[in-house]
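Notes for the one structure printed next.
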């Protein structure tokens, strides 16, 4: 039997840069299990995307606040994406499976089964995160995802709450494999003792995000200003949020911003893991975005976490946060109090948080996760 898998995603799955390292780690672990990977990148042409953002996208945003209809959701983008999928499917009639790291597509060109793998559905982003009804043009894409769900042999979500919601709304069995997975690509892993020694001495806070996390980042900056009166050496490191958007003051000190750090680049990889290893606490004051992937990676590196008790996170790691602190709200005063509580801990109390954070995620490796996926695929193929 052929072991060819068509592996489809937005971005180059040969590179860690695509979608929080997930396509790279997933495909590489499939290769380690003996599968041949045929890769398809669905990323749209920059020219088309730029034109969309400049004209139709801008007009839609003016009349429909917080609209989520990017170029990749349009019929022309979908047509071009399906054309790429069709070409490889037709040229490889002996495919074992088509794995698509998106809920937007399925294999409609042969009998080869489809596996859709992602986090949230489109309707979840709108209804559950943004708390509004979908606009009429967004409903079109919800319909497309519904079609993809119900024409695929397997659907896997990374999150328990998404598994439940997608199943209920779309009438499709959705799998959750019992855990999430840590996207660790550290070329030079330190020992446990080296990590803990650095953290005990550290006065560095860390936030990893994107522009979605900007409001939370600004609140964290305000909190750090207050805390620096009692902890003058306190430093805030921020990854992937532009410094010029943080509303910094001329008097601000020890607030350092880094651009996106590519784990596939040795120098940037070292920088990224140095920041995680030295971080006293990971702090994410976002109201709705959990930065789930980077959060559990920091936990893997013995980092206590201060975040809101997002449903997906609490379902996986418990409503009682014994590996950091859950924010009851994202007011600056609550952020200050939470950070201060951990900074004031004695060494034994702090170390206990660090060890507990690691214990919760230590077994969530891509090797074990991929084996679970393979078992599901084998079950489908054997039934056919």
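Numbering (the working numbering), first residue to last: 13 to 396.
Virtual Cβ for every residue (Gly too), placed ideally from N, Cα, C.
Worksheet item: By a C-beta neighbour count over all protein chains shown, 10 Å radius and 16 as the cutoff for buried, is residue 231 buried or exposed?
Response: Position 219 of the chain shown, counting from 1, holds the residue named residue 231. Under this definition residue 231 is a buried residue.
Item to complete: Taking 8 Å as the cut-off, decide whether the C-beta atoms of residue 248 and residue 314 are in contact.
Response: Position 236 of the chain shown holds residue 248. Position 302 of the chain shown holds residue 314. With contacts defined by Cβ atoms closer than 8 Å, residue 248 and residue 314 do not form a contacting pair.
Worksheet item: Taking just the CA atoms, how far does residue 262 sit from residue 191?
Response: Position 179 of the chain shown holds residue 191. Position 250 of the chain shown holds residue 262. If you take the alpha carbons of residue 191 and residue 262, they lie about 44 Å apart.
Discussion item. Please tell me whether residue 110 and residue 18 are closer than 8 Å, where the distance is taken between their beta carbons.
Written reply: Position 98 of the chain shown, counted from the first residue, corresponds to residue 110. Position 6 of the chain shown, counted from the first residue, corresponds to residue 18. Taking 8 Å as the Cβ cut-off, residue 110 and residue 18 qualify as a contacting pair.
Discussion item. Rounded to the nearest angstrom, what separates residue 194 and residue 32 at their Cα positions?
Written reply: Walking along the chain shown from the start, residue 194 turns up at place 182. Walking along the chain shown from the start, residue 32 turns up at place 20. Near 10 Å, if we compare the C-alpha coordinates of residue 32 and residue 194.
Item to complete: List the residues that DSSP assigns as beta-bridge partners of residue 295.
Response: Along the chain shown, read from residue 1 onward, the residue named residue 295 stands at position 283. Answer by DSSP bridge pairing, in chain order: 318.
Fill in: Same chain, Cβ closer than 7 Å to residue 116, neighbours up to 5 away in sequence not counted
The residue labelled residue 116 in the question sits at position 104 within the chain shown. Taken in chain order, the residues that qualify are 156, 157 and 160.
Item to complete: Can you tell me which of the three DSSP states residue 336 falls into?
Response: Working through the chain shown from its first residue, we reach residue 336 at position 324. Secondary structure at residue 336: strand, using DSSP grouped into helix, strand and coil.
Discussion item. If you reduce the DSSP assignment to three classes, tell me which class residue 17 lands in.
Written reply: Indexing the chain shown from 1 puts residue 17 at position 5. Residue 17 falls in the strand class under three-state DSSP.
Worksheet entry | Beta-carbon separation (whole angstroms), residue 320 vs residue 353, contact threshold 8 Å | Counted from its first residue, the chain shown places residue 320 at position 308. Counted from its first residue, the chain shown places residue 353 at position 341. Between residue 320 and residue 353 the beta-carbon gap is near 16 Å, outside 8 Å, which marks them as no contact.
Practice prompt. Could you tell me which residues DSSP puts in a beta bridge with residue 103?
Written response: What you label residue 103 is simply residue 91 of the chain shown in a count that begins at 1. BP columns for residue 103 are empty, so no partner.
Worksheet item: Helix or strand or just coil, what does DSSP make of residue 247?
Response: Position 235 of the chain shown, counted from the start, is the residue given in the question as residue 247. In this structure, residue 247 counts as strand in the three-state DSSP scheme.
Worksheet item: Does the Cβ of residue 223 have 16 or more other Cβ atoms within 10 Å, making it buried, or fewer, making it exposed?
Response: Walking along the chain shown from the start, residue 223 turns up at place 211. The residue in question, residue 223, is exposed, as its Cβ has fewer than 16 Cβ neighbours within 10 Å.
Worksheet item: Which word fits residue 391, buried or exposed, when buried means at least 16 other C-beta atoms lie within 10 angstroms of its C-beta?
Response: As a position in the chain shown, residue 391 is number 379, starting the count at 1. Exposed, by the Cβ-count rule.
Worksheet item: Would the region 363-372 and the region 321-338 be scored as touching if the rule is three or more Cβ pairs under 8 Å?
Response: The region 363-372, when compared against the region 321-338, does touch it at the 8 Å Cβ threshold.
Practice prompt. Enumerate, from N- to C-terminal direction, the unbroken alpha helix (DSSP H) stretches of 4 or more residues contained entirely within the region 354-387.
Written response: Here the runs fully enclosed are 359-373.
Practice prompt. Can you give me the Cβ contacts of residue 324 inside the same chain, cut-off strictly under 8 Å, excluding the 5 residues immediately before and after it?
Written response: The residue given as residue 324 occupies position 312 in the chain shown. Answer for residue 324: 171, 172, 173, 174, 302 and 304, listed in chain order.
Worksheet entry | Terminal residues of the beta strand (DSSP E) in which residue 115 lies | Here residue 115 is taken as the residue at index 103 of the chain shown, counted from 1. If you look at residue 115, you'll find it isn't in any beta strand (DSSP E); DSSP assigns it neither H nor E.
Item to complete: Please go through the same chain and pick out, in chain order, the residues whose beta-carbon is closer than 7 Å to the beta-carbon of residue 322, but skip the five residues on each side of it.
Response: Here the question's residue 322 lines up with position 310 in the chain shown. Only 302 meet the Cβ criterion.
Worksheet item: What are the boundary residues of the beta strand (DSSP E) that includes residue 129?
Response: Position 117 of the chain shown, counting from 1, holds the residue named residue 129. If you look at residue 129, you'll find it in the beta strand (DSSP E) that goes 126-130.
Fill in: Contacting residues, own chain, Cβ-Cβ under 6 Å from residue 344 (five flanking each side not counted)
Stepping through the chain shown from its first residue, residue 344 is reached at position 332. Excluding positions up to five away in sequence, the list reads 231, 234 and 235.
Discussion item. I need the DSSP call for residue 109, collapsed to helix, strand or coil.
Written reply: Locating residue 109 in the chain shown gives position 97, counting from the first residue. DSSP places residue 109 within a strand segment (E or B) once states are collapsed to three.
Practice prompt. Report the residue ranges of all beta strand (DSSP E) runs contained in full by the region 145-176; include only those spanning at least 3 residues, in chain order.
Written response: Taking 3 residues as the minimum length, the beta strand (DSSP E) runs contained wholly in the region 145-176 are 166-169, in order along the chain.
Discussion item. Please return the same chain residues whose Cβ sits closer than 6 Å to the Cβ of residue 121, not counting the five positions on each side in sequence.
Written reply: Translated into the one-based positions of the chain shown, residue 121 becomes position 109. Contacts found: 98 and 101.
Item to complete: Find out if the Cβ-Cβ distance for the pair residue 205, residue 308 is shorter than 8 Å.
Response: Here residue 205 corresponds to residue number 193 of the chain shown, with the count starting at 1. Here residue 308 corresponds to residue number 296 of the chain shown, with the count starting at 1. Contact check for residue 205 against residue 308 fails: the beta carbons are separated by 8 Å or more.
Worksheet item: Is it buried or exposed for residue 259, if we count other Cβ within 10 angstroms and need 16 for buried?
Response: Position 247 of the chain shown holds residue 259. Its Cβ having fewer than 16 others within 10 Å, residue 259 is exposed.
Worksheet item: Any heavy atom of the ligand ZN closer than 7 Å to the CB of residue 209?
Response: Among the ligands in the structure shown, none appear at all, so the ligand ZN cannot be discussed.
Worksheet entry | Supposed contact pair residue 316 and residue 246 - C-beta distance, whole angstroms, cut 8 Å | Taking the first residue of the chain shown as position 1, residue 246 is located at position 234. Taking the first residue of the chain shown as position 1, residue 316 is located at position 304. Actually they do not touch by this definition, with Cβ atoms about 15 Å apart.
Worksheet item: Which residues in the same chain as residue 43 place their Cβ atom closer than 8 Å to its Cβ, once the five residues preceding and following it in sequence are excluded?
Response: Within the chain shown, residue 43 is the residue found at index 31, counting from 1. Cβ neighbours of residue 43 within its own chain (closer than 8 Å, five residues either side excluded): 49.
Discussion item. Given this structure, state the Cα-to-Cα distance separating residue 113 from residue 22, to the nearest angstrom.
Written reply: Against the chain shown, residue 113 aligns to sequence position 101. Against the chain shown, residue 22 aligns to sequence position 10. Near 8 Å, if we compare the C-alpha coordinates of residue 22 and residue 113.
Worksheet item: Are residue 379 and residue 41 touching if we call contact CB-CB under 8 Å?
Response: Within the chain shown, numbered from 1, the residue matching residue 379 stands at position 367. Within the chain shown, numbered from 1, the residue matching residue 41 stands at position 29. Yes, the Cβ-Cβ distance between residue 379 and residue 41 is below 8 Å.
Worksheet item: Does the Cβ of residue 292 have 16 or more other Cβ atoms within 10 Å, making it buried, or fewer, making it exposed?
Response: The sequence position of residue 292 within the chain shown is 280, counting from 1. Buried.
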